[in-house]
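Engineer:
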Amino acid sequence: MTTTAVTAYVVRESPPPGRLSVVGLDDLEVLPDRLRMPRLTVEDLRGGSLLSGRGTLRSDPRWSAGHAPAPALNATVRAFSLTNVAWAARRLLQRVEACLGVELPHLHIVVGCHDNGRRHWSGGHYRLPATWYSELPEEGPVAPTGEVHLGYGRAFVVHEGTRYLHSPGHDVALVSHEVAHHVCRHVADFRLNALRPAREHTNHRTAVEEGTCDYLAAVMIGHPDIYGWHRGHLPLTDPRRRCLAAPWTMASFRGGHDADPHADGTIWAAALWEARWRAPEVGFPSEHVDAALLHGLARLGSQHFTERDEENLRARRYFGTLLAAVLEAARDASLAHHVERVMAARGIRAGWSNAHAREVARGCA
Ligand SMILES: [Zn+2]
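Per the working numbering, the sequence shown starts with residue 195, numbered consecutively.
1. Alpha carbon to alpha carbon, how far is E475 from G295? Give it in angstroms, no decimals.
2. Under 6 Å: does the beta carbon of E404 sit that close to some heavy atom of ligand 1?
3. Who are I461's beta bridge partners in DSSP?
4. Let me know the secondary structure DSSP gives E329 once reduced to three states.
5. S215 by DSSP, collapsed to three states: which one?
6. Is any heavy atom in ligand 1 found nearer than 6 Å to the beta carbon of C378?
7. For the alpha helix (DSSP H) that F513 lies in, which residues bound it at each end?
8. With a cut-off of 8 Å, do at least 3 Cβ pairs link the segment 370-377 to the segment 285-301?
9. With which residues is I561 paired in a DSSP beta bridge?
10. Tell me, please, which residues DSSP counts as bridged to L359.
11. Would you report the Cα separation of Y409 and L222, rounded to the nearest angstrom?
12. From the DSSP output, which residues share a beta bridge with V204?
13. Which residues in the same chain as H482 place their Cβ atom closer than 7 Å to its Cβ, once the five residues preceding and following it in sequence are excluded?
14. Distance check for L234 and D220, CA to CA, integer angstroms please.
15. Following the continuous alpha helix (DSSP H) through V377, name the residue where it begins and the one where it ends.
16. Would you say H353 faces chain B, with C-beta separation under 7 Å as the test?
17. For ligand 1, any of its heavy atoms closer than 6 Å to the Cβ of C307?
18. Give the single residue among H343, L488, V536, L507 whose Cα lies nearest to the Cα of V520.
19. Could you check whether the Cβ of E558 sits closer than 6 Å to any heavy atom belonging to ligand 1?
20. Do C437 and ligand 1 come close, with the Cβ less than 6 Å from some heavy atom?
21. Whether or not the segment 318-328 and the segment 378-397 are in contact is what I'm after, with contact meaning three or more pairs of Cβ atoms, one per stretch, closer than 8 Å; do they touch?
22. Per DSSP, which one or two residues make a beta bridge with H319?
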């Protein structure tokens, strides 16, 4: 096994985006416009010779702050996206695979998507093959095992005292959130996509999945303010900030087709985060909560259904369904009791529907 040195943001003590660091990637194949690793490819959609020059695997994104001439800026931003995304994605995928003892299906990550030539896309999403998408249609077929799409970015943030293009591929939390959708699809399969025809998957995500992805993003950066880098202008209590340190309870849950599953999911993510940081109080490393969650997801995924029954699909939307699976999967009864207690204080109880939990939390039931 060979290890290649690349640059990436490592988020530990420092807040996002983290500290620019040289890290090692194992079994890395470097092509001019993409990086290949076992079960993972990270590609720049526009192609070219981004990774052909000396030092491109160790490019310094801070030069993208506006000091370099435009073409160099562009190549630097894009080259760093490839190494940073590869590092962030590989870390999460390896952690899940090691915890569950599985190999996840191949993930293809494409940087530079949904760019209309005049306006860069500043977002990211996880896509499964479908005949129709509610927004941002796909020009070509999506890989059967799923793809993460990231834009080049267009908004500037202040970083180290200077203007910095917030390229989604530079944001470890954002990348981790989208990669976590791949984990959810192939470990829990919340929407029972495995029972759908190969090219007719649903890309509608539920609040419990969005919250789980936010939690895994926070775990990977070790910080609850996952989007504080590019949404720092929003108050910590604004649901759009998606800060997991907020005291959300089921009383804030909206639900229904008009509600944003990301905002609703923050209630689940924040409760899990509290269980995580308080785990040492009851004698457990925080990582044990992560493991219980992953094994809970696997427990959901192992349930055998022969058809996409409405009742099953509805139950898989409930925080209480995943919580029940997490409690069953927890290796230690006192850890399960700890998670149960923290969740109950937020109005989340095993087996309860989201609507019932909301009514109880609002004192209406
Ligand atoms: Zn998401």
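In this text, a Cβ means the ideal position worked out from N, Cα and C, and glycines have one as well.
Structural biologist: So, from the data block:
1. As a working note, residue 295 is residue 101 in the sequence shown. As a working note, residue 475 is residue 281 in the sequence shown. Spanning the two alpha carbons is a distance of roughly 28 Å.
2. Here residue 404 refers to the residue found at position 210 of the sequence shown. Correct: E404 has its Cβ closer than 6 Å to ligand 1.
3. As a position in the sequence shown, residue 461 is number 267, starting the count at 1. Its beta-bridge partners do not exist; DSSP assigns none.
4. Taking the first residue of the sequence shown as position 1, residue 329 is located at position 135. E329: coil per DSSP, three-state reduction.
5. For the purposes of this step, residue 215 is identified with residue 21 of the sequence shown, where counting begins at 1. S215: strand per DSSP, three-state reduction.
6. Start at 1 with the first residue of the sequence shown, and residue 378 comes out as number 184. For ligand 1, not one heavy atom lies less than 6 Å from the Cβ of C378.
7. Taking the first residue of the sequence shown as 1, we reach residue 513 at position 319. First-last of the alpha helix (DSSP H) with F513: 513-523.
8. yes
9. Outside the displayed span of the chain (195 to 559) sits residue 561, for which this structure offers no information.
10. Here residue 359 refers to the residue found at position 165 when the sequence shown is read from its first residue. DSSP output for L359 lists F350 as bridge partner(s).
11. As a position in the sequence shown, residue 409 is number 215, starting the count at 1. As a position in the sequence shown, residue 222 is number 28, starting the count at 1. Going from the Cα of Y409 to the Cα of L222 covers about 28 Å.
12. As a working note, residue 204 is residue 10 in the sequence shown. Paired residue(s): R213.
13. The count along the sequence shown starts at 1 and reaches residue 482 at position 288. Result list for H482: A473, L529, in chain order.
14. Here residue 220 refers to the residue found at position 26 of the sequence shown. Here residue 234 refers to the residue found at position 40 of the sequence shown. Answer to the nearest angstrom: the Cα atoms are 12 Å apart.
15. Within the sequence shown, residue 377 is the residue found at index 183, counting from 1. It spans 366-377 - the alpha helix (DSSP H) in which V377 sits, taken as one unbroken run.
16. Among the protein chains of the structure shown there is no chain B, as only one such chain exists.
17. Taking the first residue of the sequence shown as position 1, residue 307 is located at position 113. No, ligand 1 has no heavy atom inside 6 Å of this Cβ.
18. Within the sequence shown, numbered from 1, the residue matching residue 520 stands at position 326. Cα-wise, what sits closest to V520 is L488.
19. If you number the sequence shown from 1, residue 558 lands on position 364. Reading off the sequence, residue 558 comes out as Cys, not Glu. False, no ligand heavy atom lies under 6 Å from that Cβ.
20. On the sequence shown, position 243 is the one that residue 437 refers to. No, Cβ of C437 sits at least 6 Å from all heavy atoms of ligand 1.
21. yes
22. If you number the sequence shown from 1, residue 319 lands on position 125. DSSP, once it has assigned bridges, lists H343 as partnering H319.
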